[in-house]
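Student:
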Amino acid sequence: MQKYEIPTGLDKYEFLRDLNVDLKHPLLWHFVPRLAPNTKKPMLSPDNLPHKPDFKMEQLFDNNPSYLELEIGSGKGGFLKDYALQNPEIQVLGTEWDYGCARFTARRLEKHQVSNARILRGDTFFILRDLVPDNCIDAAHMYFPDPWPKKRHQKNRLLRPDFLQEISRVLKPGKCKFYWGTYHQEYNEIALEHFAKHPGAKILEKNTASPTGGITTLFEQRFLQEGLPIYRSIIEFSK
Ligand SMILES: C[S@@+](CC[C@H](N)C(=O)[O-])C[C@H]1O[C@@H](n2cnc3c(N)ncnc32)[C@H](O)[C@@H]1O
Numbered sequence: 052m053q054k055y056e057i058p059t060g061l062d063k064y065e066f067l068r069d070l071n072v073d074l075k076h077p078l079l080w081h082f083v084p085r086l087a088p089n090t091k092k093p094m095l096s097p098d099n100l101p102h103k104p105d106f107k108m109e110q111l112f113d114n115n116p117s118y119l120e121l122e123i124g125s126g127k128g129g130f131l132k133d134y135a136l137q138n139p140e141i142q143v144l145g146t147e148w149d150y151g152c153a154r155f156t157a158r159r160l161e162k163h164q165v166s167n168a169r170i171l172r173g174d175t176f177f178i179l180r181d182l183v184p185d186n187c188i189d190a191a192h193m194y195f196p197d198p199w200p201k202k203r204h205q206k207n208r209l210l211r212p213d214f215l216q217e218i219s220r221v222l223k224p225g226k227c228k229f230y231w232g233t234y235h236q237e238y239n240e241i242a243l244e245h246f247a248k249h250p251g252a253k254i255l256e257k258n259t260a261s262p263t264g265g266i267t268t269l270f271e272q273r274f275l276q277e278g279l280p281i282y283r284s285i286i287e288f289s290k
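The opening position of the sequence shown corresponds to residue 52 in our numbering, with each subsequent residue numbered one higher.
1. How about His163 and Leu121: do their beta carbons lie closer than 8 Å?
2. Could you tell me the alpha carbon to alpha carbon distance between Leu179 and Asp105, rounded to whole angstroms?
3. Per DSSP, which residues does Lys253 bridge with? Please list them.
4. Secondary structure at Asn207, three-state DSSP: helix, strand or coil?
5. Leaving out five residues before and five after Gln142 in sequence, what residues of the same chain have Cβ atoms less than 6 Å from its Cβ?
6. Between the Cα of Leu67 and the Cα atoms of Leu78, Pro101, Lys75, Glu147, which residue gives the shortest distance?
7. Nearest to Val221 by alpha carbon, out of Ala191, Gly124, His235, Thr156?
8. Return the chain-ordered list of same chain residues with a C-beta closer than 8 Å to the C-beta of Gln205, the five sequence neighbours on each side being excluded.
9. Compute every distance between the C-beta of Trp231 and the non-hydrogen atoms of ligand 1, then say whether any falls below 7 Å.
10. Let me confirm a value: Thr156 is counted as buried when at least 16 other C-beta atoms fall within 10 Å, else exposed. Which label applies?
11. In or out: Asp185 buried (at least 16 other Cβ within 10 Å) or exposed?
12. Is it buried or exposed for Arg159, if we count other Cβ within 10 angstroms and need 16 for buried?
13. Quick check: the Cα distance between Asp49 and Ile266, rounded to an integer number of angstroms?
14. Excluding the five sequence neighbours on either side, which residues of its own chain have a C-beta within less than 6 Å of the C-beta of Lys290, listed in chain order?
15. On the premise that Leu215 lies in contact with His235, defined as a C-beta separation below 8 Å, what is that separation, rounded to the nearest angstrom?
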């Protein structure tokens, strides 16, 4: 198992992705491309269409969660663990595409006996698009995503209009919050523009929000130590 990059030219081909529980860590699930036999190459979908496995949230959690929050790009899982412990009545699903970080998070959840969080390894865009059902998430958190500062890499940024469309689809009807934080000024400005243009999204707090639940993330602590400004916002999605 290895870290993989978002391929360029995604519109031209699709990978087959499978959902599997980790054999060593029951709180860790994988939704990653199926590899062609005896190779490290992902298998392409024969019809070039998204592969959407039959999936219900009960597969990940023991019951269908009545209140579920999503954390996108959990890193080493510090926020996921603290937030889940702070809110034992809710379920929290973290996503992370790096295998080492996802496994670290799973061990951390086990060590602290966190029963109301799961970590799902894979690219969040495809997790949302191909796996997560409509109307099942109560709030979403996205803290310090990779900023891809070089111009030619900016296409890899996750916070894009098509991603926000998926966010809207998976959030429950009514008003739901999206918590956003970054240290990267330019990515922040573009993200806030995307939020402002997205139908049904309203920026409630712009760049002035406090760490959610008082929990600062690992990357946030690093950036604070470097004296970088932190931009945290809260966006309300309504439908
Ligand atoms: C800069 S780190 C921040 C981690 C954590 N949120 C924090 O604030 O400490 C960004 C994390 O997002 C993960 N990541 C980046 N793109 C992702 C994607 N498309 N899906 C899932 N995880 C992603 C990276 O592997 C990395 O662990």
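Just so you know, even glycine gets a beta-carbon here, dropped at the ideal spot from N, CA and C.
These numbers were taken from a predicted model, which means no experiment stands behind them.
Tutor: With the given structure in hand:
1. In this structure, Leu121 does not lie closer than 8 Å to His163 by Cβ.
2. Counting only the Cα atoms, Asp105 lies some 13 Å from Leu179.
3. According to the DSSP secondary-structure assignment, Lys253 is paired through a beta bridge with Glu287.
4. Of the three classes helix, strand and coil, the one that applies to Asn207 here is helix, per DSSP.
5. Closer than 6 Å at the Cβ level, and outside the excluded window around Gln142, lie Phe112, Pro116, Leu119, Asn167.
6. Selection Leu78, Pro101, Lys75, Glu147 evaluated against Leu67 yields Pro101 as nearest (Cα-Cα).
7. If we check each option's Cα against that of Val221, Ala191 comes out closest.
8. Correct list, in chain order: Trp199.
9. In terms of side-chain proximity, the C-beta atom of Trp231 is found no nearer than 7 Å to any non-hydrogen atom of ligand 1.
10. Answer is buried; the Cβ neighbour count reaches 16.
11. Result: exposed.
12. Per the 10 Å Cβ criterion, buried.
13. Given that the chain is displayed from residue 52 to residue 290, the structure contains no residue 49 and the question cannot be resolved.
14. Leaving aside the five residues that flank Lys290 on each side, the residues in its chain whose CB is nearer than 6 Å to its CB run, in chain order, Pro224, Gly251.
15. The C-beta distance from His235 to Leu215 rounds to 18 Å, too long to fall under 8 Å, and the pair is not in contact.
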